[in-house]
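Asks:
Numbering (the numbering used here), first residue to last: 33 to 268.
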C-alpha cells in the first residue's frame, strides 16, 4: 500500500490545480465582460477597441535627458540643418564652403567647452607631418608653440595643405585651417577674411597669444598658397 502521506499530498495538489483553473476561468469571464461593455459603450467592435493606440504617457527622450546632453542634441540638429542648406550664411567673409562649415560648427556650439573639445577633435583627426617637412622654412612665425605648414598645388590648380604642431590645441587650430582651405584655388584662399575667427567664437575660448598665433597661421597659409600658385604675395 502507498505511504500514508501520499493521499494527502495528492489531494493537496488536486485542490490547488482546481483552484488555479477556477481563477483562470474567472479572469477570462471578467475580461470578456469588459470587452463587451467597452464595445457597447463605444459603439464599435471589440477588436477595434483592442487595436486602438494607448495614450502616450511616457516622457520623450529629450524631456528626460540631462541639460548638457540636450545642448549637444540641439547642436547636432542645427549643424545638420545648416549642412542641408546650400546658401552661404556669411558671404561678406568670403569663406570657402569647407571653412564656412567649420566656422558654423564652432559658432553654433552652446559653450566654450564644446568649442575646445571640437579643436581637440581636429587635433586627433590630423595626420602627422613627416619629419622631412619639419624645417625652418615651414615654421609659422609668431606662435607660442611650434607650428609647421606645407602647401602644394595640384594639377587642377587647387592648393592643398598639411600642418602639424607640438601642442595639441595648436595642432587642432592648424588642422581646422587645413580642413577649411585645402582643395581651393589660391585666389579663394587669399580672399578669406581673417575676422571669421570672431564669428566662430574662437577668441572667447583661446588666450590672446593663441588667437594671434591662429591669425599668423592663416597669414602663412595665404603666403604659401600664393607662392605655390606663382601669384603675387597677398597684403592681408
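Think of the CB as a built atom: it goes at the ideal place given N, C-alpha and C, for glycine as much as any other residue.
None of these values were measured; they are calculated from a predicted model.
Taking all protein chains shown into account, decide if residue 155 is buried (16 or more other Cβ within 10 angstroms of its Cβ) or exposed.
Replies: When all chains shown are included, residue 155 counts as buried.
Asks: Check whether the Cβ atoms of residue 199 and residue 217 lie closer than 7 Å to each other.
Replies: No, the pair does not count as a contact, with Cβ atoms beyond the cut-off.
Asks: In this structure, how does DSSP classify residue 241 when only helix, strand and coil are distinguished?
Replies: In the structure shown, residue 241 sits in a helix (DSSP, three-state: H, G or I).
Asks: Where does residue 227 fall in DSSP's three states?
Replies: If DSSP states are grouped into helix, strand and coil, residue 227 belongs with coil.
Asks: What does residue 165 pair with, by DSSP beta-bridge criteria?
Replies: Residue 165 pairs with nothing; no bridge assigned.
Asks: Below 8 Å, how does it come out for the stretch 246 to 257 and the stretch 170 to 186: are there three or more Cβ pairs, yes or no?
Replies: Flag = yes, the stretch 246 to 257 and the stretch 170 to 186 touch.
Asks: Shortest alpha-carbon distance to residue 3 belongs to which of 206, 240, 235, 180?
Replies: The structure shown does not extend to residue 3, since the chain spans only 33 to 268, so no value can be given for it.
Asks: Going by the DSSP bridge assignment, what does residue 216 pair with across the sheet?
Replies: Note: residue 216 sits in a beta bridge opposite 191.
Asks: Sorted by chain position, which residues of the same chain lie with C-beta nearer than 7 Å to residue 126's C-beta, five sequence neighbours on each side aside?
Replies: These residues qualify, in order along the chain: 223, 224, 225.
Asks: Taking the alpha-carbon of residue 214 as reference, which of 189, 165, 234 has the nearest alpha-carbon?
Replies: Residue 189 is the option with its Cα nearest to residue 214.
Asks: I believe residue 229 touches residue 254 by the beta-carbon criterion, under 8 Å. Please report the beta-carbon distance rounded to the nearest angstrom.
Replies: About 14 Å separates the two Cβ atoms, so there is no contact after all.
Asks: State the DSSP-derived secondary structure class of residue 124, mapped to helix, strand or coil.
Replies: In the structure shown, residue 124 sits in a helix (DSSP, three-state: H, G or I).
Asks: Within the stretch 136 to 183, note down every full alpha helix (DSSP H) run reaching 4 residues or more, in order along the chain.
Replies: Fully enclosed alpha helix (DSSP H) runs of 4 or longer: 144 to 157.
Asks: Out of curiosity, what's the CA-to-CA distance linking residue 243 and residue 185?
Replies: The alpha-carbon atoms of residue 243 and residue 185 are separated by roughly 28 Å.
Asks: Which of the three DSSP states, helix, strand or coil, is assigned to residue 107?
Replies: Because residue 107 sits at a pLDDT of 48, beneath the cut-off of 50, its placement in the model cannot be relied upon, and the point is left open.
Asks: Closer than 8 Å by C-beta to residue 227: which residues in its own chain qualify, once you throw out the five before and the five after it? Chain order, please.
Replies: These residues qualify, in order along the chain: 125.
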